[in-house]
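Heads up: the sequence shown at position 12 corresponds to 217 in the working numbering, and the numbers run straight through without jumps.
Heads up, the thing below is written out as structure tokens.
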Amino acid sequence: MSSKIQLFRNILRELRHVRKNQKAPFDYSPVMQYVISEFRNNHLTDAQKCARENESVHLAETYLNYLQNLRKHSVSSYF
């Protein structure tokens with residue numbers, strides 16, 4: 206399992222790949238704001254409020270996996 210900050214950075218990196226052809230700056234996009242707010246809101250959730258200790262980390266890893274596979278599939282479909 207990767208660290209939470211590395212997981213956060215990887216998600217943002219994948220989102221930048223998805224949005225690289227769009228004109229609007231990524232830093233101000235609603236997606237970016239949502240991801241940041243979710244990581245901030247779940248900062249203390251892992252140990253204090255979640256039914257399972259690593260629920261939010263598991264959800265973030267699943268989302269990262271989805272984004273990575275989406276990018277790989279879209280690139281490989283052109284060849």
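For every residue, glycine included, the Cβ atom is placed at its ideal position computed from N, Cα and C.
Quick caveat, the model's predicted, so the values are computed rather than measured.
Looking at the structure shown, is N247 part of a helix, part of a strand, or coil, going by DSSP?
coil
So, S261 versus N270, is the Cβ gap smaller than 7 angstroms?
Result no, Cβ atoms of S261 and N270 do not sit closer than 7 angstroms.
Please classify L264: is it buried, with 16 or more other beta-carbons within 10 angstroms of its beta-carbon, or exposed?
exposed
Would you tell me roughly how many angstroms separate the C-alpha atoms of I241 and R224, rounded to the nearest one?
17 angstroms
For L212, which three-state DSSP category applies?
helix
Let me know the secondary structure DSSP gives K225 once reduced to three states.
coil
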